[in-house]
């Protein structure tokens, strides 16, 4: 049963990583422009980010298992559309559909872990959940290049999408009889108004962050960002009024007032400042060192290996470090990022860094990332009652996606500002070092917040007991036969 859930966590990040190496082949066959090429990535990322919370709440209301398989079927259909795309815009339409269906499928995995597993088993379950992201990073970076190189049945880049179809079929054949259904027993109708407002609000934030820099920060991008606080305030007032009237809001204000939740979400936001690292380090490898796309994927293998092993070491780290596992793991990332910055800065321009130290610092960054992810997700999801598992899983996942978009926009913007019009190895190296220092600062700030949150935390049993709605709502989240 748990393996089925992990597939739902694996496919969305896999399809984010795997497309990067295929873009030159897509451009060559479909004749896509650079702006359309960017949309192939950003359309998926944007729609995935803005609909995650809605996808999580759908599981709370209509059954997490049902929404998981519905999302999986939709994701397979979207992958088929991408694989057989006859034009760039058909491919973008498929990617949009992939993003929406992935957002329906993915939160159900994290929410089901929270709702099904007893407290004693949740740390280990979340460790495997976190390891899946490391596996997706490894497989996505390498599998794309391998599939394109093999050119199976003449499919070329199309194979990176069509490979999802046999996986989805196997999961449905074996998973439908096994997966236990859960939902909130007091579920009512979906908050369509809240869903619309959440998508509009997040869209106004995410779309300009993803598209703004590529478009040269046009006026519409700034106007969109300016409207975000207004939209967010209107959304919050709408949800609060609906809750007072006895409705079922998409984001329940009572749940969001859980002690420490806001700080935990801020840590998650800072934690994914690492999101821009993949883009900028790839620019350095390809443009400053002239590394091939396939070799770039191989360079990231130590990071992926660390990301895979980090979550598996979390239970041991929890016993050794207690509640400080999150800030210490983020501290390890800071050390790794600073080590990478130092290694690159001290290597002659245009020369490949020494392989052993490079692998060591990349492994440290990946290990720290994987080591932190399970307890961080537990830190967020464990602060609300199980009846809100889908909602909080969607919020947590959306926070990570927003963190990635913010890091790409802000830290990526700093990188390109330092770079300016220059394209020589020295300029790229200097810009990357500055960007890495910014990433390290964000991770260090998250680690510091983690320490303050640990010092103020109460035991898990007391945490939910102190929240007025938790005891009542816990009883309403029983498995359905």
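Residue numbers (the working numbering): 77 to 557.
Ideal placement from N, C-alpha and C gives every residue a C-beta, glycine not left out.
Treat the numbers as computed from the prediction; the structure is a model and nothing was measured.
So what's residue i in DSSP terms, helix, strand or just coil?
i	result
residue 425	coil
residue 534	Confidence at residue 534 is low in this model, with a pLDDT of 45, below 50, so its placement is unreliable and the value that follows should be read with caution. Here residue 534 sits in coil by DSSP.
residue 324	coil
residue 163	coil
residue 94	coil
residue 194	coil
residue 365	coil
residue 136	helix
residue 128	helix
residue 357	helix
residue 336	coil
residue 145	helix
residue 459	coil
residue 266	coil
residue 228	helix
residue 176	helix
residue 252	coil
residue 430	coil
Assuming residue i contacts residue j (C-beta within less than 8 Å), just tell me the rounded distance between them.
i	j	result
residue 456	residue 472	5 Å
residue 170	residue 161	6 Å
residue 168	residue 116	6 Å
residue 530	residue 399	4 Å
residue 81	residue 188	6 Å
Among the options, whose alpha-carbon lies nearest the alpha-carbon of residue i?
i	options	result
residue 479	189, 281, 120, 200	281
residue 266	387, 292, 233, 327	327
residue 368	144, 333, 225	225
residue 334	468, 397, 379, 477	468
residue 388	405, 197, 360, 207	207
residue 487	314, 228, 81, 354	354
residue 232	347, 147, 293, 104	104
residue 523	423, 497, 401, 498	401
residue 393	408, 381, 375	408
residue 377	434, 499, 519	434
residue 406	163, 499, 306, 527	527
residue 204	514, 518, 454	454
Ordered along the chain, which non-local residues of its own chain (more than five positions away) have a Cβ less than 6 Å from that of residue i?
i	result
residue 316	329
residue 91	none
residue 123	172, 175, 176
residue 483	349, 351, 352
residue 481	282, 285, 286
Is the beta carbon of residue i less than 7 Å from the beta carbon of residue j?
i	j	result
residue 450	residue 202	yes
residue 242	residue 364	no
residue 420	residue 509	yes
residue 512	residue 417	yes
residue 341	residue 475	yes
residue 143	residue 135	yes
residue 155	residue 209	no
residue 235	residue 219	no
residue 391	residue 199	yes
residue 181	residue 148	yes
residue 525	residue 343	yes
residue 84	residue 185	yes
residue 410	residue 521	no
residue 118	residue 252	no
residue 459	residue 346	no
residue 183	residue 415	no
residue 277	residue 307	yes
Leaving out five residues on either side along the sequence, give the residues of the same chain with a beta carbon under 7 Å from the beta carbon of residue i.
i	result
residue 412	437, 440, 441, 444
residue 507	491, 494, 495
residue 372	358, 361, 362
residue 425	501, 502, 505
Spatial neighbours of residue i within its chain, please: C-beta separation below 8 Å, excluding the five flanking residues on both sides.
i	result
residue 274	126, 129, 130, 311, 326, 327
residue 98	220, 224, 233, 236
residue 535	Residue confidence is low: residue 535 scores 42 on pLDDT, short of 50, so the model does not pin down where it sits. No coordinate-derived value is stated.
residue 452	340, 343, 344, 347, 402
Would you please verify whether the beta carbon of residue i is less than 7 Å from any beta carbon of chain B?
i	result
residue 198	Protein chains in the displayed structure number just one, and chain B is not present.
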